[in-house]
Amino acid sequence: AQRVTQPEKLLSVFKGAPVELKCNYSYSGSPELFWYVQYSRQRLQLLLRHISRESIKGFTADLNKGETSFHLKKPFAQEEDSAMYYCALSNTGNQFYFGTGTSLTVIP
Amino acid sequence: GAGVSQSPRYKVAKRGQDVALRCDPISGHVSLFWYQQALGQGPEFLTYFQNEAQLDKSGLPSDRFFAERPEGSVSTLKIQRTQQEDSAVYLCASRRTGREQYFGPGTRLTVT
Numbered sequence: 703a704q705r706v707t708q709p710e711k712l713l714s715v716f717k718g719a720p721v722e723l724k725c726n727y728s729y730s731g732s733p734e735l736f737w738y739v740q741y742s743r744q745r746l747q748l749l750l751r752h753i754s755r756e757s758i759k760g761f762t763a764d765l766n767k768g769e770t771s772f773h774l775k776k777p778f779a780q781e782e783d784s785a786m787y788y789c790a791l792s793n794t795g796n797q798f799y800f801g802t803g804t805s806l807t808v809i810p
Numbered sequence: 053g054a055g056v057s058q059s060p061r062y063k064v065a066k067r068g069q070d071v072a073l074r075c076d077p078i079s080g081h082v083s084l085f086w087y088q089q090a091l092g093q094g095p096e097f098l099t100y101f102q103n104e105a106q107l108d109k110s111g112l113p114s115d116r117f118f119a120e121r122p123e124g125s126v127s128t129l130k131i132q133r134t135q136q137e138d139s140a141v142y143l144c145a146s147r148r149t150g151r152e153q154y155f156g157p158g159t160r161l162t163v164t
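From first to last, the protein sequence lines are chains A and B. When we follow the working numbering, the leftmost residue of the first sequence carries the number 703, and every step to the right adds one. When we follow the working numbering, the leftmost residue of the second sequence carries the number 53, and every step to the right adds one.
Listed below in structure tokens is the structure:
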């Protein structure tokens, strides 16, 4: 069965500090991994996907198949990064499995 | 253009009542997804449509849950004989083929 684990429900960092939001997954095939973000009073939106291999808002995530991880990183956190972050996995492209989310607070 | 819209935004139902939740996807989006998000949890996949065809309903938790998209545009998620455990935010998302999902604001259902 597919599963996405985000071990931290809450994470606080100071502005300018590096941030890493952890995501581990279990899936026997070749999944597609995503990070979604939900800012306060806004809709859930895609932040980045592993096949794009791009940096969005300074965030990057590398798929590590050996460790089955897809951690989200940013070298210098900003206050506007405070939000709820969800890691998600898709197997067929039509089913998506989300983690329980990590609430990130960036302290000024 | 307009994003995905959902109505009602909030719904309170007495246990045992039937409810219908509506999703208006972005025009031209072929794919439509429904998710259930319980408090403190991530969204959980319920069902998926491609145009009017319901290609996957493996996530529907019971036969009390039913979804339709008869003309390949607007979709309705119906829950019969609501139970307290059905209380959650129901999210709809739409997508053009192969591209990212766009989520609606959700409908918060509270069953009392």
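Virtual Cβ for every residue (Gly too), placed ideally from N, Cα, C.
Beta-carbon proximity list for E756/A, same chain, < 7 Å, skipping 5 on both sides
L750
CB contact flag (G156/B, A145/B, <9 Å)
yes
Hey, is the segment 58-76 of chain B in contact with the segment 113-131 of chain B, meaning 3+ C-beta pairs nearer than 8 Å?
Contact between the segment 58-76 of chain B and the segment 113-131 of chain B is present, because at least three Cβ pairs lie under 8 Å.
So, do the segment 53-68 of chain B and the segment 114-127 of chain B have three or more beta carbon pairs nearer to each other than 8 Å?
no
Element boundaries [beta strand (DSSP E), containing Y788/A]:
785-792
From K759/A to L774/A, what does the alpha carbon distance come to, in whole angstroms?
12 Å
Where E137/B falls: helix, strand or coil (DSSP)
helix
Spell out a yes or no on whether the segment 97-116 of chain B and the segment 801-808 of chain A are touching, meaning 3 or more CB-CB pairs, one atom from each, closer than 8 Å.
By the Cβ rule, the segment 97-116 of chain B does not count as touching the segment 801-808 of chain A, because fewer than three pairs are nearer than 8 Å.
With 16 other CB atoms within 10 Å as the buried threshold, where does A719/A fall?
exposed
Roughly how many angstroms separate the alpha carbons of K717/A and L84/B, rounded to a whole number?
38 Å
Coil, strand or helix - E123/B by DSSP:
E123/B falls in the coil class under three-state DSSP.
Kindly list, in the order they appear in chain A, the residues whose Cβ is closer than 8 Å to that of Q153/B.
The contacting residues are L748, F798.
So what's E769/A in DSSP terms, helix, strand or just coil?
coil
Give a yes or no on whether 9 Å exceeds the smallest Cβ distance from T770/A to chain B.
no
Boundaries (first-last residue) of the beta strand (DSSP E) holding N796/A:
Under the DSSP assignment, N796/A falls outside any beta strand (DSSP E); it carries neither an H nor an E label.
Could you please give the first and the last residue of the uninterrupted beta strand (DSSP E) stretch that includes R160/B?
Where R160/B is concerned, the enclosing beta strand (DSSP E) starts and stops at 159-163.
Work out the CA separation of A65/B and G80/B for me, nearest whole Å.
33 Å
Could you tell me which of S730/A, V721/A, Y738/A sits nearest to A790/A, measuring between CA atoms?
The alpha carbon of A790/A has as its nearest neighbour, out of S730/A, V721/A, Y738/A, the alpha carbon of Y738/A.
As a quick exercise: from S784/A, T707/A, F798/A, pick the residue whose alpha carbon is nearest that of Y741/A.
Comparing Cα-Cα distances from Y741/A to each of S784/A, T707/A, F798/A, the minimum goes to S784/A.
For chain A, find out if any of its Cβ atoms is closer than 9 Å to the Cβ of A65/B; answer yes or no.
no
Report yes if the CB atom of T162/B is closer than 9 Å to the CB atom of Y87/B, and no otherwise.
no
With the cut-off set at 9 Å, would you say S59/B and T134/B are in Cβ contact?
no
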